[in-house]
Amino acid sequence: MGIDLIAGGKSKKTKRTAPKSQDIYLKLLVKDDKIAVVVGTITDDNRVYELPPVKVTALRFTETARARILKAGGECLTFDQLALRSPLGQNTVLLRGPKSHREAVKHFGRAPGVPHSHTKPYVRSKGRKFEMARGRRNSRGFKV
Numbered sequence: 177m178g179i180d181l182i183a184g185g186k187s188k189k190t191k192r193t194a195p196k197s198q199d200i201y202l203k204l205l206v207k208d209d210k211i212a213v214v215v216g217t218i219t220d221d222n223r224v225y226e227l228p229p230v231k232v233t234a235l236r237f238t239e240t241a242r243a244r245i246l247k248a249g250g251e252c253l254t255f256d257q258l259a260l261r262s263p264l265g266q267n268t269v270l271l272r273g274p275k276s277h278r279e280a281v282k283h284f285g286r287a288p289g290v291p292h293s294h295t296k297p298y299v300r301s302k303g304r305k306f307e308m309a310r311g312r313r314n315s316r317g318f319k320v
């Protein structure tokens, strides 16, 4: 129970507004008549057995994903069609991948070369002479 500062007191109408599951299709079911917007490719996922009728906007669709969405009674839109349908972006949900899977995140953490560090070093090239000398190979003094 959170405190509602506007009304002054405790908010007694605390209910779940989104499903606990991270499945994007279930999240769209909770929000009625929303258009899912993905800047990327929509691919088919065989692990999802029942697909609700969803409206999806994306750059590309695979053939099987497009057929499955249309078979379920949904719509596959392009960004041009989305711009004509809702120019201000009302009733749309922008979906994106996890932020922790970016390339830059691999370089965060303990310094490369420190014991028990799995941080990716910033190197010019991948080769014998780059980050592969002392401390990386037994033949070059020692290996950490």
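The sequence shown begins at 177 in the numbering used here and counts up by one.
Where is the CB? At the ideal position from N, CA and C, for every residue including glycine.
Since the model is a prediction, treat every value here as computed from it, not as a measurement.
| Asked | Found |
| --- | --- |
| Select from 263, 300, 291 and 231 the residue whose C-alpha is nearest the C-alpha of residue 252. | 231 |
| With burial defined as no fewer than 16 other Cβ atoms inside 10 Å of the residue's Cβ, what is the status of residue 250: buried or exposed? | buried |
| Considering only residues of the region 208-273, which uninterrupted beta strand (DSSP E) runs meet the minimum length of 3 residues and lie entirely inside it, listed in chain order? | 211-218, 231-237, 251-253 and 268-271 |
| Going by CA-CA distance only, name the one from 242, 303 and 223 that's closest to residue 217. | 242 |
| Taking 8 Å as the cut-off, decide whether the C-beta atoms of residue 285 and residue 295 are in contact. | yes |
| Compute the beta-carbon to beta-carbon distance between residue 248 and residue 227, rounded to the nearest angstrom, for a pair I have assumed lies under 8 Å. | 4 Å |
| I'd like to know whether the C-beta atoms of residue 233 and residue 254 end up nearer to each other than 8 Å. | yes |
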